[in-house]
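Novice: Pasting a structure here, questions to come.
Chains as they are written, first to last, in this note's numbering: chain A, 52 to 380; chain B, 469 to 769.
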């Protein structure tokens, strides 16, 4: 996937949330404290690509998706959709941008308005953007997400639908404006296994037929393998490693990626058992360890890891890693 | 009436770990709560027996059940252990409470036992005086497991013990569970929707669908030679990080509503092999090989 037109380009993105400490401390302490949810990441997503962002809870993957969608403002950095600078958009431009970029949320039990019927819910973006042919477009969107016959779903409410059907409705709403780019934030993690693969198949179909690109946010490495063309592994707001999916899973270079992969249980009782190779749990993103963020848990930590933050370097085509153990020659 | 669990038969030998898998709403947790006799007041067990070492738990007096069976012979790790600890009591006190209620023991020696239990599950015993909010997610899960072991039970039922945890912490807890089984000779029922967790920790597996067990056997048979179309579908669609990359073959449709489950075999509306018989007649569970039970009309086996 080294060729192909770039659709999304993100440069040195940062999102820090100030920590509220109370009035007295605000006045007397010189330094403000921040949760560094996203702390300097850069990546590109190509046209028709499914780019995975994986990591443990609190690593900043969801914040990244939200910032790119301008659902929350960035602290620093740039992001482009094609030629368009996403962070420089004015309010009316942002409206246009939302026709091209959409988001699907994790929990279809919460992302649908319980008091809106399916027709109104899916047609709402059309109303906002003053686009006509509502009925036809809604029917088409429902057909695309395989809710047939569409008329039967028009006047139903979310509580009448199963989890998988709800997620299909959420996808239909994201699709109705024909976006080029979709942020999918754990779109199947709340769904049952037998439903999951049909939703993922649907995402592939939309990619193949309509040429949509995805930022696929997940904590589940086993699913990324089925879904993503490339994956980035995030740890405490930074990329630890990024590569083409199979390469990353077969040849992980960063100790954190290795730890994640060996920790995943395999659905085969004769295969290796899940193993723990790192100790402890993810530290708080407020008091980040100096040097490499992973060094307190890293089994191979050296002196330099405690002092210097390793840069993300390219080791091979499309394989980047941020670790002092890996030398670029 | 919701028939959450319908005609379920299971057998667990000493030292076995049985993985009970299925999708949400299939009756896994209800099965576990029935065994514990902890069903909510509006639930009814209409028929059946639950034998623990040949004693029928359904006929035992409540008081005896509470004093002599629960915790001492049978204990449970509840789903969402994060919220199972009481935030206003010290973790150690909560575990000690469980011991003192069930055993004739002084407070001091119960405290000693608490410290032993905590180190058994890999928590520094000095943390016994901490409150739950001072524990991380993984530590809370460990503390809950320690509590379930407080009175030396023979059988522990763990309901989704790793579901809300991150993968590295999940691996730590799975390792702990494997070690405890080995060290203490525990028998376990592990309830989960995650097949890989069963492959990782259990030697037996049972697959539930719409309140029924569709297939049960040793784990290797379930994963390598599944017979029921539902089991096959689940396994074929379960992503794995190693081995061949699979192509999805989604199971069509969605799980049925248990207020009015489909006639005949409950899986027939989604089954690719459904025959006429499947639509009208409910299949019985048959033993097709030693220890391998399947509830299906198909005669291909």
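For every residue, glycine included, the Cβ atom is placed at its ideal position computed from N, Cα and C.
On a predicted model such as this, the values are computed, not experimentally measured, just so you know.
Run down chain A in chain order and give the residues with a C-beta less than 9 Å from the C-beta of residue 594 of chain B.
Specialist: Working through the second chain from its first residue, we reach residue 594 of chain B at position 126. Going along chain A, no residue has its Cβ under 9 Å from residue 594 of chain B, so there is no contact; the nearest lies around 17 Å.
Novice: Any C-beta of chain B sitting closer than 9 Å to the C-beta of residue 276 of chain A?
Specialist: The residue given as residue 276 of chain A occupies position 225 in the first chain. By this cut-off, residue 276 of chain A is an interface position.
Novice: So is residue 257 of chain A in contact with chain B if we call contact Cβ pairs under 9 Å?
Specialist: As a first step, residue 257 of chain A is located in the first chain; it is residue number 206 there, counting from the start. No, its Cβ sits nowhere closer than 9 Å to a Cβ of chain B.
Novice: Just the C-alpha distance for residue 205 of chain A and residue 218 of chain A, rounded to the nearest angstrom, thanks.
Specialist: Counting from one through the first chain, the residue named residue 205 of chain A turns up at place 154. Counting from one through the first chain, the residue named residue 218 of chain A turns up at place 167. Each residue's alpha carbon lies about 15 Å from the other.
Novice: Does the beta carbon of residue 211 of chain A sit closer than 9 Å to a beta carbon anywhere in chain B?
Specialist: Position 160 of the first chain, counting from 1, holds the residue named residue 211 of chain A. No, because no Cβ of chain B sits closer than 9 Å to the Cβ of residue 211 of chain A.
Novice: Assess, as a yes-or-no matter, whether the segment 364 to 372 of chain A is touched by the segment 664 to 675 of chain B under the definition of 3 or more beta carbon pairs within less than 8 Å.
Specialist: The segment 664 to 675 of chain B vs the segment 364 to 372 of chain A: no contact.
Novice: For residue 657 of chain B and chain A, any beta-carbon pair shorter than 9 Å?
Specialist: Taking the second chain and counting its residues from 1, the one referred to as residue 657 of chain B is at position 189. Not closer than 9 Å to any Cβ of chain A, the Cβ of residue 657 of chain B fails to qualify, so no.
Novice: Residue 606 of chain B touches chain A at which residues, Cβ-Cβ below 8 Å?
Specialist: In the second chain, the residue the question calls residue 606 of chain B occupies position 138. In chain order: 332.
Novice: Residue range of the alpha helix (DSSP H) that residue 686 of chain B falls in?
Specialist: Looking up residue 686 of chain B in the second chain gives position 218. From DSSP, residue 686 of chain B is part of no alpha helix (DSSP H) but of the beta strand (DSSP E) over 680 to 686.
Novice: Just the chain B side, please: which residues come within less than 7 Å of residue 246 of chain A by C-beta, in chain order?
Specialist: Within the first chain, the letter at position 195 stands for residue 246 of chain A. Per Cβ cutoff of 7 Å: 722.
Novice: The alpha helix (DSSP H) that contains residue 146 of chain A, what's its start and end?
Specialist: What you label residue 146 of chain A is simply residue 95 of the first chain in a count that begins at 1. From DSSP, the alpha helix (DSSP H) with residue 146 of chain A extends over 142 to 151.
Novice: For a contact defined as C-beta to C-beta under 9 Å, what are the partners of residue 107 of chain A on chain B?
Specialist: Position 56 of the first chain, counting from 1, holds the residue named residue 107 of chain A. What residue 107 of chain A touches in chain B: 634, 635, 636, 637.
Novice: Can you give the beta carbon distance from residue 107 of chain A to residue 635 of chain B, rounded, assuming they're within the 8 Å contact cut?
Specialist: The residue given as residue 107 of chain A occupies position 56 in the first chain. The residue given as residue 635 of chain B occupies position 167 in the second chain. Correct: roughly 7 Å between the Cβ atoms.
Novice: Distance check for residue 608 of chain B and residue 567 of chain B, CA to CA, integer angstroms please.
Specialist: In the second chain, the residue the question calls residue 567 of chain B occupies position 99. In the second chain, the residue the question calls residue 608 of chain B occupies position 140. Answer to the nearest angstrom: the Cα atoms are 18 Å apart.
Novice: Mark residue 680 of chain B as exposed unless 16 or more other C-beta atoms lie within 10 angstroms of its C-beta, in which case mark it buried.
Specialist: Within the second chain, the letter at position 212 stands for residue 680 of chain B. Counting Cβ neighbours within 10 Å, residue 680 of chain B comes out buried, since at least 16 surround it.
Novice: Of the residues A:342, A:348, A:331, A:340, which one's Cα is nearest the Cα of residue 439 of chain B?
Specialist: What is shown of chain B runs 469 to 769, which leaves residue 439 of chain B out entirely.
Novice: State whether the segment 622 to 629 of chain B contacts the segment 296 to 314 of chain A, with contact taken as three or more CB pairs (one from each stretch) at a distance under 8 Å.
Specialist: No, the segment 622 to 629 of chain B is not in contact with the segment 296 to 314 of chain A.
Novice: Let's test the definition: count the other Cβ atoms within 10 Å of the Cβ of residue 145 of chain A and tell me whether it reaches 16, buried, or not, exposed.
Specialist: For the purposes of this step, residue 145 of chain A is taken as the residue at position 94 of the first chain. Residue 145 of chain A is exposed by the Cβ-count criterion.
Novice: Name the residue from B:478, B:482, B:483 whose alpha carbon lies nearest to the alpha carbon of residue 489 of chain B.
Specialist: As a position in the second chain, residue 489 of chain B is number 21, starting the count at 1. Measuring from the Cα of residue 489 of chain B, the nearest candidate turns out to be B:478.
Novice: Beta-carbon separation of residue 325 of chain A and residue 511 of chain B under 9 Å?
Specialist: The residue you call residue 325 of chain A lines up with position 274 of the first chain. The residue you call residue 511 of chain B lines up with position 43 of the second chain. Their beta carbons are not under 9 Å apart, which means residue 325 of chain A does not touch residue 511 of chain B by this criterion.
Novice: CB-CB under 6 Å to residue 349 of chain A, same chain, minus the five flanking residues each way: which ones, in chain order?
Specialist: Here residue 349 of chain A refers to the residue found at position 298 of the first chain. Counting only Cβ-Cβ distances below 6 Å, and skipping sequence neighbours, we find 306.
Novice: Tell me where the alpha helix (DSSP H) around residue 103 of chain A begins and ends.
Specialist: Along the first chain, one-based indexing puts residue 103 of chain A at 52. Note, residue 103 of chain A: premise wrong, no alpha helix (DSSP H); beta strand (DSSP E) at 101 to 105.
Novice: Can the beta-carbon of residue 487 of chain B be found closer than 9 Å to that of residue 745 of chain B?
Specialist: In the second chain, the residue the question calls residue 487 of chain B occupies position 19. In the second chain, the residue the question calls residue 745 of chain B occupies position 277. Not a contact, by the Cβ cut-off of 9 Å.
Novice: Pick from A:230, A:170, A:238, A:249: whose alpha carbon is nearest that of residue 3 of chain A?
Specialist: This structure cannot speak to residue 3 of chain A, because chain A is shown only from 52 to 380.
Novice: Which residue from B:546, B:716, B:574 puts its Cα closest to that of residue 504 of chain B?
Specialist: Taking the second chain and counting its residues from 1, one reaches residue 504 of chain B at position 36. When each option's Cα is compared against that of residue 504 of chain B, the closest is B:546.
Novice: Three-state secondary structure (DSSP) at residue 575 of chain B?
Specialist: Position 107 of the second chain, counting from 1, holds the residue named residue 575 of chain B. Here residue 575 of chain B sits in helix by DSSP.
Novice: Tell me the rounded alpha-carbon separation between residue 53 of chain A and residue 272 of chain A.
Specialist: Position 2 of the first chain holds residue 53 of chain A. Position 221 of the first chain holds residue 272 of chain A. Summary for residue 53 of chain A: the model assigns pLDDT 46, below 50, so the residue's position carries little reliability; its value from the coordinates is reported in the next sentence. About 22 Å.
Novice: State yes or no: is the beta carbon of residue 289 of chain A nearer than 9 Å to at least one beta carbon in chain B?
Specialist: Here residue 289 of chain A corresponds to residue number 238 of the first chain, with the count starting at 1. Residue 289 of chain A does not count as touching chain B.
Novice: In the DSSP output, what is residue 763 of chain B paired with across the bridge?
Specialist: Here residue 763 of chain B refers to the residue found at position 295 of the second chain. Note: residue 763 of chain B sits in a beta bridge opposite B:753.
Novice: Where does the unbroken beta strand (DSSP E) through residue 69 of chain A begin, and where does it stop?
Specialist: Working through the first chain from its first residue, we reach residue 69 of chain A at position 18. Residues 57 to 69.
Novice: What is the residue span of the beta strand (DSSP E) that residue 677 of chain B lies within?
Specialist: Start at 1 with the first residue of the second chain, and residue 677 of chain B comes out as number 209. It spans 672 to 677 - the beta strand (DSSP E) in which residue 677 of chain B sits, taken as one unbroken run.
Novice: Check whether the Cβ atoms of residue 268 of chain A and residue 103 of chain A lie closer than 9 Å to each other.
Specialist: Taking the first chain and counting its residues from 1, one reaches residue 268 of chain A at position 217. Taking the first chain and counting its residues from 1, one reaches residue 103 of chain A at position 52. Result yes, Cβ atoms of residue 268 of chain A and residue 103 of chain A sit closer than 9 Å.
Novice: For residue 734 of chain B and chain A, any beta-carbon pair shorter than 9 Å?
Specialist: Counted from its first residue, the second chain places residue 734 of chain B at position 266. No, its Cβ sits nowhere closer than 9 Å to a Cβ of chain A.
Novice: Just to confirm, is the Cβ distance from residue 559 of chain B to residue 534 of chain B under 9 Å?
Specialist: For the purposes of this step, residue 559 of chain B is identified with residue 91 of the second chain, where counting begins at 1. For the purposes of this step, residue 534 of chain B is identified with residue 66 of the second chain, where counting begins at 1. It is not a contact, given that the beta carbons lie outside the stated cut-off.
Novice: Tell me whether the segment 236 to 246 of chain A and the segment 52 to 69 of chain A touch, counting them as touching only if at least three CB pairs, one residue from each stretch, are closer than 8 Å.
Specialist: Not touching, per the Cβ criterion.
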